[in-house]
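Counting from 52, one number per residue, gives the positions in the sequence shown under the numbering used here. For each residue, glycine too, the CB sits at the ideal point set by N, CA and C. A quick note: this is a predicted structure, and the numbers were derived from the prediction, not measured.
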Amino acid sequence: MWLDTSLLSEPGAVKRAEREVSERAAELDAYVVQTIKGVWGTTGQRDVLYGVLHAVDAPLLITPTLEHVGGSEDPATEIAELVTIEPAKVWRWCTPLTKSIKRQFDQYRRGDWSVCVG
């Protein structure tokens with residue numbers, strides 16, 4: 052679980068977020084192995100998350116909202132699947148290479164033939 056503490060300033064917000072994330076994990080037949088709290092904008096947060104997720108062999112990163120991981124599923128999905136509470140959504144794990152291939156395929160489908168090689 053990742054919680055950006057700068058977004059949880061009101062009294063009881065951290066405990067409420069921890070409870071909601073645990074409930075979301077249970078819905079997905081998963082459980083919270085570790086809670087990491089900090090501010091997403093700090094340098095190296097992605098590396099910290101990678102280290103923790105790798106150490107406990109966790110396939111999911113669960114967080115209350117996308118804002119807790121910088122407002123986008125990138126780069127969190129380069130580490131693991133990303134699960135949010137609001138909206139209740141799962142973003143699949145996707146390496147930078149697969150993201151690049153998907154972008155090129157989407158361009159091709161829209162009629163942009165410049166992505167074709169050869």
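Going by DSSP, what residues sit across from residue i in a beta bridge?
i	result
ILE130	Beta-bridge pairing links ILE130 to no other residue.
ILE113	VAL134
TRP142	LEU133
ILE87	TRP53
Please report the distance separating the alpha-carbon of residue i from that of residue j.
i	j	result
HIS119	LEU58	7 Å
GLY121	TRP164	33 Å
ALA139	ILE130	19 Å
VAL65	LEU54	8 Å
SER123	ILE136	14 Å
Specify the secondary structure class of residue i as computed by DSSP and reduced to three states.
i	result
LEU59	coil
THR135	strand
TRP53	strand
GLY122	coil
VAL107	coil
Looking at residue i: is its Cβ nearer than 8 Å to the Cβ of residue j?
i	j	result
PRO110	GLU78	no
PRO126	ARG97	yes
Could you check if residue i is buried or exposed, using at least 16 other CB atoms within 10 Å of its CB as the buried criterion?
i	result
PRO62	exposed
ILE152	exposed
ARG75	buried
VAL134	buried
LEU148	exposed
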